[in-house]
Amino acid sequence: MSDVLDLVREILRLEAHTDSLEIGSASKGGVVKVYGSFDDPEAFRKKIDAALEARRYAQGRMEAGP
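Residue numbering for the sequence shown follows this note's numbering, starting at 1 and increasing by one per position.
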């Protein structure tokens with residue numbers, strides 16, 4: 001029974017982050033897709049900021065080369 005409850009908790013946790021937002025384009029610096037809950041805009045903003053920072057870092061690494 002405990003395994004079933006753990007599974008239900010995990011499914012509910014994942015469903016809480018079913019909204020997504022795609023930013024950018026593949027031909028202009030890459031696409032970033034952020035998952036979260038639109039019901040919590042502040043948390044979503046933080047995820048967007050973190051994702052865009054990661055994209056800037058990746059772009060810089062690609063420009064710098066190996």
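All C-beta atoms in this analysis are idealised placements derived from N, C-alpha and C, irrespective of residue type, glycine included.
Being a predicted model, the structure only gives us computed values, none of them experimental.
Check: Do G30 and R55 come within 8 Å of each other at the CB atom, strictly closer than that value?
Finding: Yes, the pair counts as a contact, with Cβ atoms nearer than the cut-off.
Checklist line | Member of V34, E42 and A50 whose CA lies at the smallest distance from the CA of T18 | finding: Of the listed residues, the one whose Cα sits closest to T18 is V34.
Checklist line | Three-state secondary structure assigned by DSSP to G29 | finding: In the displayed model, G29 falls within coil according to three-state DSSP, outside both helix and strand.
Next item on the list: Assign G36 to one of two classes, buried (16 or more other C-beta atoms within 10 Å of its C-beta) or exposed (fewer than that).
Entry: G36 is buried by the Cβ-count criterion.
Check: Around the Cβ of F38, are there at least 16 other Cβ atoms within 10 angstroms (buried) or fewer (exposed)?
Finding: Classification for F38: exposed.
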